[in-house]
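Here the structure comes first, spelled out in structure tokens, and everything after it is commentary.
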Amino acid sequence: MITSFAQIGNIDFLEGGIADGTKLFEAYLSPWANAFGASLNGGWYNTAKPHKLGGFDVTFSVSTTIVPASAKSFDLTKMESKFEKLSLASGTGTEAPTIAGENKDGPTLEYVEDFLGNPITIASFKTPPGSNWGAIPLPMFQAGLGLPLGTEL
């Protein structure tokens with residue numbers, strides 16, 4: 021069954037501040053961004069011979085990139101030292117799914133502030149689930165039109 025996500029249901033990534041939210045968001049989305057870039061790199065493969073004047077071709081293709089297993093989750097303990105205000109809640113695990121990972125919630129993160137010498141948890145949230153989409157399809161449209169002097173557009 022194919023599941024689609026229109027959006028993450030809320031903006032929990034920002035609970036601990038924009039800087040920490042940006043780091044989490046980048047780690048979460050990086051597999052699809054990398055796969056998209058790889059797909060863009062692999063789709064232009066028509067002949068190099070230019071068309072005659074007025075000659076044309078139209079090509080539609082789909083390039084698919086598989087997300088490697090190593091990019092389906094990320095280790096929050098490796099990121100924790102980079103966070104300004106977030107910390108990993110104890111007993112919740114350390115591996116969070118990326119957008120290409122399993123469709124299950126990840127570990128809990130906490131936003132803790134010091135209040136009169138005592139740590140106070142301001143907010144806590146689970147990292148979002150993955151989509152279970154381990155392959156990224158990229159449809160491509162390509163057209164060529166022959167111009168004078170052996171050139172084409």
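Counting from 21, one number per residue, gives the positions in the sequence shown under my numbering.
Don't be surprised by glycine CBs; every beta carbon is placed ideally from N, CA and C.
Limits of the unbroken alpha helix (DSSP H) element including residue i
{"i": "Ala155", "result": "No alpha helix (DSSP H) holds Ala155; the beta strand (DSSP E) holding it covers 155-167."}
{"i": "Ser50", "result": "38-61"}
{"i": "Leu173", "result": "From DSSP, Leu173 is part of no alpha helix (DSSP H); its letter is neither H nor E."}
{"i": "Lys98", "result": "96-99"}
Residue i and residue j closer than 7 Å at C-beta
{"i": "Gly121", "j": "Ser93", "result": "yes"}
{"i": "Ala58", "j": "Thr85", "result": "yes"}
{"i": "Leu96", "j": "Thr114", "result": "yes"}
{"i": "Phe80", "j": "Phe161", "result": "yes"}
Integer-rounded CB distance, given that residue j should sit under 8 Å from residue i
{"i": "Phe145", "j": "Thr128", "result": "7 Å"}
{"i": "Tyr131", "j": "Lys98", "result": "Not confirmed; about 19 Å, so no contact."}
{"i": "Ser107", "j": "Glu100", "result": "6 Å"}
{"i": "Pro139", "j": "Tyr48", "result": "Their Cβ separation, rounded to whole angstroms, is 26 Å, which puts Pro139 and Tyr48 out of contact at 8 Å."}
{"i": "Ser151", "j": "Asn123", "result": "7 Å"}
{"i": "Glu172", "j": "Pro88", "result": "Rounded, the Cβ-Cβ distance is 37 Å, inconsistent with contact."}
Segment limits, beta strand (DSSP E) that includes residue i
{"i": "Lys146", "result": "138-146"}
{"i": "Glu79", "result": "A small fix is needed here, since residue 79 is Thr in this sequence, not Glu. That run of the beta strand (DSSP E) goes 76-86."}
{"i": "Pro70", "result": "Unbroken run through Pro70: none, as it is neither H nor E."}
Residues bridged to residue i (per DSSP)
{"i": "Asp134", "result": "Pro139"}
{"i": "Leu129", "result": "Leu108, Phe145"}
{"i": "Ala116", "result": "Phe94"}
Given 8 Å, three or more beta-carbon pairs between the region 156-171 and the region 38-56: yes
If contact is defined by three or more beta carbon pairs under 8 Å, each pair taking one atom from either stretch, is the region 162-169 in contact with the region 69-80? yes
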